[in-house]
Amino acid sequence: MNPLQRIGRVVISFLAAVGRLTMFMSSALSHCVRPPFYPRIIVRQMVEIGYYSLPVVGLTGVFAGMVLALQSYTGFARFSAEGAIANVVVLSITRELGPVLAGLMVAGRIGASMAAETGTMRVTEQIDALTTLSTNPMKFLVAPRLIAGITMMPLLVLVADVIGVFGGYIVAVYKLGFNPSIYLQNTWNFVELHDVLSGLVKASVFGFIITLMGCYHGYHSRGGAQGVGAATTNAVVSAAIMILCFDYILTEIFFAK
Amino acid sequence: MTDQPKIRIRDLKKSFGPKVVLDGIDLDVGVGESVVVIGGSGTGKSVLLKCVLGLLEPDSGTIEIDGENVVGISASERERIGNKFGMLFQGGALFDSLPVWENVSFGLLAQKRVDRTEAKELAIQKLAQVGMDAHVAELHPAELSGGMQKRVALARAIASDPEIIFFDEPTTGLDPIMADVINDLIVKTTHELGATGLSITHDMASARKIGNRIAMLYQGRIVWAGDAASVNESGNEFVDQFVHGRADGPIKMAVRA
Numbered sequence: 019m020n021p022l023q024r025i026g027r028v029v030i031s032f033l034a035a036v037g038r039l040t041m042f043m044s045s046a047l048s049h050c051v052r053p054p055f056y057p058r059i060i061v062r063q064m065v066e067i068g069y070y071s072l073p074v075v076g077l078t079g080v081f082a083g084m085v086l087a088l089q090s091y092t093g094f095a096r097f098s099a100e101g102a103i104a105n106v107v108v109l110s111i112t113r114e115l116g117p118v119l120a121g122l123m124v125a126g127r128i129g130a131s132m133a134a135e136t137g138t139m140r141v142t143e144q145i146d147a148l149t150t151l152s153t154n155p156m157k158f159l160v161a162p163r164l165i166a167g168i169t170m171m172p173l174l175v176l177v178a179d180v181i182g183v184f185g186g187y188i189v190a191v192y193k194l195g196f197n198p199s200i201y202l203q204n205t206w207n208f209v210e211l212h213d214v215l216s217g218l219v220k221a222s223v224f225g226f227i228i229t230l231m232g233c234y235h236g237y238h239s240r241g242g243a244q245g246v247g248a249a250t251t252n253a254v255v256s257a258a259i260m261i262l263c264f265d266y267i268l269t270e271i272f273f274a275k
Numbered sequence: 004m005t006d007q008p009k010i011r012i013r014d015l016k017k018s019f020g021p022k023v024v025l026d027g028i029d030l031d032v033g034v035g036e037s038v039v040v041i042g043g044s045g046t047g048k049s050v051l052l053k054c055v056l057g058l059l060e061p062d063s064g065t066i067e068i069d070g071e072n073v074v075g076i077s078a079s080e081r082e083r084i085g086n087k088f089g090m091l092f093q094g095g096a097l098f099d100s101l102p103v104w105e106n107v108s109f110g111l112l113a114q115k116r117v118d119r120t121e122a123k124e125l126a127i128q129k130l131a132q133v134g135m136d137a138h139v140a141e142l143h144p145a146e147l148s149g150g151m152q153k154r155v156a157l158a159r160a161i162a163s164d165p166e167i168i169f170f171d172e173p174t175t176g177l178d179p180i181m182a183d184v185i186n187d188l189i190v191k192t193t194h195e196l197g198a199t200g201l202s203i204t205h206d207m208a209s210a211r212k213i214g215n216r217i218a219m220l221y222q223g224r225i226v227w228a229g230d231a232a233s234v235n236e237s238g239n240e241f242v243d244q245f246v247h248g249r250a251d252g253p254i255k256m257a258v259r260a
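In order, the protein sequence lines correspond to chains A and B. Sequential numbering from 19 applies to the first sequence in our numbering. Sequential numbering from 4 applies to the second sequence in our numbering.
This is the structure in structure tokens:
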């Protein structure tokens with residue numbers, strides 16, 4: 019095979035993958051808005067994503083806030099600009115670190131488990147069995163997970179925001195000796211609804227990406243245990259990369275003047 | 004046997020890339036008849052079954068159910084036809100997230116033909132038909148042995164009183180005694196329902212027991228079809244070799260892929 023053929027093959031297989039993903043996505047989205055719905059499964063997935071991810075997202079938030087306060091102090095002290103720490107912490111957390119870190123953690127937790135679960139269902143013919151039992155697997159498996167991901171991620175990120183700011187407060191007040199009320203006052207004065215909302219929109223998009231990637235790779239897995247393993251890896255890696263990529267695109271849309 | 008067969012397959016072809024799997028299949032299954040398709044591993048038995056079920060789209064040819072061609076029909080039409088089907092998957096393909104009773108009545112619940120209380124009663128009744136106690140209904144599939152899982156899967160396949168039941172290697176992975184129990188149950192339940200049966204297997208004991216007629220699949224074609232009783236005197240060298248399990252003969256096993 020000459021180099022030109024090689025390039026051609028890579029390009030074609032890339033385009034085919036993009037096409038497959040787009041088809042899968044549009045089919046899944048159309049099933050999200052058309053009955054029948056499966057409320058029991060949607061609720062179960064919401065609990066799985068929203069409630070059981072709380073510890074991991076909370077811990078990520080608190081340490082992100084703490085390290086942010088500590089780092090900006092060591093930097094800002096050189097310019098005698100310590101007063102800006104509250105500002106830096108709350109803006110970084112709500113705009114960027116909250117959604118991105120929560121997104122990456124949830125991608126690891128939820129994206130992987132979704133890919134493994136749907137992948138196992140594929141290789142054990144459970145997805146075929148759904149079809150033979152008058153149930154559309156896209157509606158039954160994929161749509162509830164997408165709905166749960168899109169709605170639960172913003173709530174998780176809201177929690178991460180609050181806990182992250184709290185982490186910054188702990189370090190600023192108990193380690194760096196800031197006045198608690200002035201720190202809170204600064205935080206409150208600097209944060210705008212726009213900052214928080216942009217973070218929550220990002221969170222919703224990330225929730226969609228995570229669940230879509232988990233379901234897509236699981237749904238198309240093949241070849242037994244090894245295939246399910248590969249699907250799980252692909253789901254997490256592709257979700258993580260797409261989160262970082264879309265984070266930039268969304269920031270460009272929200273804040274570029 | 005009436006004039007119009009329940010299932011009529013004509014010139015069915017299916018390839019995966021360059022690999023031709025089904026190369027012009029002709030097969031009739033009469034009303035209330037049980038046809039068993041035998042053949043070695045990788046001869047396309049499963050692909051044939053999946054084409055009839057609508058899980059795979061054939062490249063060309065026709066499949067008629069009650070005189071109605073089902074190749075290339077719309078999803079809603081497919082769902083209507085699918086309501087006539089029951090399917091016993093090779094590995095059982097039970098949903099491991101649901102208790103046994105919800106597995107059994109899954110199809111009925113999906114079509115909203117019963118509410119949950121009725122569904123449970125019905126599931127217990129179907130479980131009794133396959134010789135299982137009511138207490139099994141509350142267990143999860145992972146808590147059952149392979150033979151019990153097969154029985155639950157059979158109960159699920161017959162739960163919606165299908166007109167046609169498909170069996171994919173019903174005895175694979177079972178010990179000879181449990182295999183015979185499953186064969187007996189298949190004969191009993193299909194007889195009680197008056198259902199038409201289409202099975203695929205490589206287990207000759209099973210084929211003789213559950214089939215009225217046997218068809219032999221080799222290299223994507225039906226090379227022989229006849230009464231189950233006459234399979235020993237088929238006069239066909241392919242069938243002879245398969246029935247007696249000889250390594251030497253016209254069938255060459257692909258040892259290397």
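Glycine is no exception: its CB is placed at the ideal position from the N, C-alpha and C atoms.
- In the three-state reduction of the DSSP assignment, Glu-71 of chain B falls in the strand class.
- At least one CB atom of chain A sits nearer than 9 Å to the CB of Lys-53 of chain B.
- At least 9 Å separates the beta-carbon of Arg-140 of chain A from that of Tyr-266 of chain A.
- Here Ile-185 of chain B is buried, its C-beta having at least 16 other C-beta atoms within 10 Å.
- For the region 127-144 of chain A, the residues whose beta carbon sits under 7 Å from a beta carbon of chain B are, in order, Thr-142, Glu-143, Gln-144.
- Counting along the chain, Gly-27 of chain B sits inside the beta strand (DSSP E) bounded by residues 22-32.
- Here Met-231 of chain A carries a helix assignment [DSSP, helix/strand/coil].
- When rounded, the separation of the alpha-carbon atoms in Leu-115 of chain A and Ile-103 of chain A is 15 Å.
- For Ser-152 of chain A, a Cβ of chain B is located within less than 9 Å of the residue's own Cβ.
- Shown in chain order are the members of the region 147-176 of chain A whose Cβ falls below 9 Å from a Cβ of chain B: Ala-147, Leu-148, Thr-149, Thr-150, Leu-151, Ser-152, Thr-153, Asn-154, Phe-158.
- Its Cα nearest to that of Asp-230 of chain B, the residue B:Ala-210 stands out among B:Arg-119, B:Ala-140, B:Ala-210, B:Glu-240.
- At a cut-off of 9 Å, the C-beta of Asp-164 of chain B has no neighbouring C-beta in chain A.
- Looking at A:Met-170, A:Leu-218, A:Thr-112, the one whose alpha-carbon comes closest to that of Trp-206 of chain A is A:Thr-112.
- Under DSSP, no beta-bridge partner is assigned to Ser-233 of chain B.
- Residue environment for His-212 of chain A: exposed (fewer than 16 other C-beta atoms within 10 angstroms of its C-beta).
- Residue ranges of uninterrupted beta strand (DSSP E) with 3 or more members, entirely inside the region 139-185 of chain B and ordered along the chain, are 167-171.
- Rounded to the nearest whole angstrom, the C-alpha separation of Lys-87 of chain B and Ala-82 of chain A is 57 Å.
- A residue is called buried when at least 16 other Cβ atoms come within 10 angstroms of its Cβ; Gly-167 of chain A meets this threshold and is buried.
- By the CB criterion at 9 Å, Val-39 of chain B and Gly-214 of chain B fall inside the cutoff.
- In the DSSP annotation of this structure, the continuous segment of the alpha helix (DSSP H) that includes Tyr-91 of chain A starts and ends at 72-94.
- When 9 Å is used as the limit between beta carbons, Ala-140 of chain B is near no residue of chain A, the shortest such separation being about 17 Å.
- Non-local C-beta neighbours of Phe-170 of chain B in its own chain, meaning closer than 6 Å and more than five positions away in sequence, comprise Leu-91, Ser-202, ordered along the chain.
- In this structure, the alpha-carbon of Pro-57 of chain A lies about 43 Å from that of Ile-180 of chain B.
- If you draw a straight line from the Cα of Glu-210 of chain A to the Cα of Gly-217 of chain A, it comes to about 11 Å.
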